[in-house]
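Chemist: For any residue, its number in my numbering is found by taking its place in the sequence shown, counting from 1, and adding 3.
Quick one: the structure is below, questions incoming.
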Amino acid sequence: MSDILSGWTPAPPGHKHVVSVSLGSSRGNAREAVTLLGQPFILERIGTDGDSKKAAELFGALDGQVDAFGLGGADLYVIADGKRYQFGNVRKLVANARQTPVLDGSGLKNTLERDAIAQLDPLLNWRTRKVLMVSAVDRFGMAEALAQHGADIVFGDVVFGLGIDRPLRSLRALRTVAKVVLPVITKLPQDWFYPTGAKQESSVQGKGTRYYAWADVIAGDTHYAKRYAPTSLEGKTILTQTITQADRDWMKQRGVARLITTTPRMGNRNFATNVLEACFVALSGKNEALSEAEYLRYIREVGFKPEVNEL
């Protein structure tokens, strides 16, 4: 066994094993035993603190030893306005996984999160809400669903991703930016515009801070939302996915009133969409990403619903 797997153990017999290899902080590492639709699983998350070389080695060392990989802290592709944009450098990162499928969560973002917005409408009444989506091009399903339900939205992709104080206020504007920007940024290293490693532990306040004050709801990626947040989030609702106990403590300290996760708590944490997507692929017995219809079928069968926490 490779030295990089020192201390690692495979799942017990009869279990499916999903390992999420993440460019994020190793502080969020976890290993949980859960059961989905009668199938026992070991769900594991291994952070590499932004070390892409280590991540690539892990994909190679674990290839064929687990049922499905998740990819955390990076996207293989994003789906925006029905078009798929692939990150070339991330494809190289996972190239060592030749037998085991790698899922980045993009398929579930476009189904699970869209579905979650509809389920939350009776509680939140989106037509009455001001929503800041810190980054929307990587969660186009959520963005479209919020617009369809009448929320007043600021998409912060240009503000936070490019550092230019130009909030986007409509899906039409978001689509235009996606068509212009995504072909360019998918050719760049993802850590140029997404916090990995130590960046996930620090905050940057600047041009976009005032949009947090304007919003009732801050929606999107946890790390992105935390990185640009002001010191006070008194009375705000945060809608996100991956949450650790440290994230919950951070939100309480900043005065967040309500935390809503689109993914349910499994064991002691809420795993990211890449882990859940890998679970569904492992359940299916297929060696590739599933269709949107197949993901929705599993979501319904498992009974996944948004988890609402009053803080």
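Where is the CB? At the ideal position from N, CA and C, for every residue including glycine.
Bear in mind the structure is a predicted one, so any value in this text is a computation, not a measurement.
Expressed to the nearest angstrom, what Euclidean distance is found between the alpha-carbon atoms of His18 and Pro43?
Modeler: Indexing the sequence shown from 1 puts residue 18 at position 15. Indexing the sequence shown from 1 puts residue 43 at position 40. C-alpha separation (whole angstroms): 5 Å.
Chemist: Quick check: the segment 69 to 77 against the segment 99 to 113, are at least 3 beta-carbon pairs closer than 8 Å?
Modeler: yes
Chemist: For Glu313, count the other beta carbons within 10 Å of its own beta carbon; 16 or more makes it buried, fewer makes it exposed. Which is it?
Modeler: As a working note, residue 313 is residue 310 in the sequence shown. Classification of Glu313: exposed, given that the 10 Å Cβ count is below 16.
Chemist: Using the DSSP secondary-structure output, state which residues sit across from Arg272 in a beta bridge.
Modeler: Walking along the sequence shown from the start, residue 272 turns up at place 269. Arg272 pairs with Met269.
Chemist: Tell me which residues share the same chain as Glu304 and place their Cβ nearer than 7 Å to its Cβ, disregarding the 5 neighbours each side in the sequence.
Modeler: Against the sequence shown, residue 304 aligns to sequence position 301. Excluding sequence neighbours, Glu304 sits near Leu40.
Chemist: Can you have a look at Tyr298 and say buried or exposed, based on whether 16 or more other CB atoms are within 10 angstroms of its CB?
Modeler: Translated into positions along the sequence shown, residue 298 becomes position 295. Burial call: buried.
Chemist: Mind checking which residues open and close the beta strand (DSSP E) that includes Ile221?
Modeler: Counting from one through the sequence shown, the residue named residue 221 turns up at place 218. Counting along the chain, Ile221 sits inside the beta strand (DSSP E) bounded by residues Val220 to Ala222.
Chemist: Identify, in the order they occur along the chain, each residue of the same chain with its Cβ nearer than 6 Å to the Cβ of Met4, setting aside the five sequence neighbours on each side.
Modeler: Position 1 of the sequence shown, counting from 1, holds the residue named residue 4. Residue confidence for Met4 is low, a pLDDT of 47 falling below 50, so the modelled location carries little weight; the figure read from the coordinates is stated next. Excluding sequence neighbours, Met4 sits near nothing in its chain.
Chemist: Who are Arg34's beta bridge partners in DSSP?
Modeler: The sequence position of residue 34 within the sequence shown is 31, counting from 1. Partner(s): Glu47.
Chemist: Suppose the cutoff is 6 Å on Cβ atoms and the five residues either side in sequence are ignored; what does the same chain contact list for Asp219 look like?
Modeler: Numbered from its first residue, the sequence shown carries residue 219 at position 216. In its chain, beyond the 5 residues on either side, Arg132 and Lys133 have a beta carbon closer than 6 Å to the beta carbon of Asp219.
Chemist: On the DSSP bridge assignment, give the partners of Val81 in chain order.
Modeler: Here residue 81 refers to the residue found at position 78 of the sequence shown. Beta-bridge pairing links Val81 to Tyr88.
Chemist: Have a look at Ile188 and Pro16 and give me their C-alpha separation to the nearest angstrom.
Modeler: In the sequence shown, residue 188 corresponds to position 185, counting from 1. In the sequence shown, residue 16 corresponds to position 13, counting from 1. If I take the Cα positions, the gap works out to 43 Å.
Chemist: With DSSP as the reference, label Thr264 as helix, strand or coil.
Modeler: Numbered from its first residue, the sequence shown carries residue 264 at position 261. It is a strand residue.
Chemist: Nearest to Thr243 by CA position, among Ile221, Gly258 and Trp253, is which residue?
Modeler: Within the sequence shown, numbered from 1, the residue matching residue 243 stands at position 240. That would be Ile221, whose Cα lies nearest to the Cα of Thr243.
Chemist: Can you name the residues that DSSP bridges to Ala98?
Modeler: Here residue 98 refers to the residue found at position 95 when the sequence shown is read from its first residue. DSSP output for Ala98 lists no bridge partner at all.
Chemist: In whole angstroms, what is the alpha-carbon distance linking Arg169 and Lys308?
Modeler: Working through the sequence shown from its first residue, we reach residue 169 at position 166. Working through the sequence shown from its first residue, we reach residue 308 at position 305. The straight-line gap from Cα to Cα measures roughly 34 Å.
Chemist: Could you check what DSSP says for Phe1 in three-state terms: helix, strand or coil?
Modeler: Past the edges of the chain, shown from 4 to 314, lies residue 1, and the structure says nothing about it.
Chemist: Opposite His20 in the DSSP bridges: which residues?
Modeler: Counting from one through the sequence shown, the residue named residue 20 turns up at place 17. Paired residue(s): Ile45.
Chemist: Which residue marks the beginning of the beta strand (DSSP E) containing Glu147, and which one marks its end?
Modeler: The count along the sequence shown starts at 1 and reaches residue 147 at position 144. Element bounds for Glu147: not the beta strand (DSSP E) but the alpha helix (DSSP H), Phe143 to Gln151.
Chemist: Give the range of the beta strand (DSSP E) segment to which Glu310 is assigned.
Modeler: Here residue 310 refers to the residue found at position 307 of the sequence shown. Counting along the chain, the beta strand (DSSP E) containing Glu310 begins and ends at Glu310 to Glu313.
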